[in-house]
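Residue numbers (full-length UniProt numbering): 1 to 144. Here is the structure we will look at, set down as structure tokens.
If you want it as structure tokens, here you go:
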């Protein structure tokens, strides 16, 4: 982090598809660091676009800010910036998180299968026994 640049917060927001408010939140959580001008304006390097995209992906995977803050130093930025080695504890926690996501996927697939069965059943032609007496009479007599 800490590698300065000329990109201001608005440009980073536009390029990463994240609101300025979210970028400020990431900064308060220790996920993103900006260089500051004497006037207090935030400036970021090109590395920040990749960092924000990674942060978004990790949030989407169900990780919280604290876990993301632990994980980010273990990941390289697109420009090959510094990366620390993950601790065995972090690897264990991330493996558990991945297993949780796998269980969620399995549950969602089961739910989808139940819905598929319900859709198939609901859209099938009703059996003759389910037809009303009026429908059966019309079939035997022909159109009115």
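Note that the Cβ used here is the ideal one computed from N, Cα and C, for glycine as well. Bear in mind that the values here come from a model prediction, so they are computed numbers and not experimental data.
Check, Outcome
"Quick one: give me the first and last residue of the alpha helix (DSSP H) that residue 24 is part of.", "20-28"
"On the criterion of 16 or more Cβ atoms from any shown chain inside 10 Å, does residue 48 qualify as buried, or is it exposed?", "buried"
"Taking buried to mean at least 16 other C-beta atoms within 10 Å of its own C-beta, is residue 45 buried or exposed?", "buried"
"Please give the ranges of any beta strand (DSSP E) in the stretch 27-54, keeping only runs that are unbroken, at least 3 residues long and fully inside the region.", "42-44"
"Between which two residues does the alpha helix (DSSP H) carrying residue 121 extend?", "88-123"
"On a Cα-Cα basis, can you pick out the residue from 30, 99, 97, 102 that is closest to residue 72?", "30"
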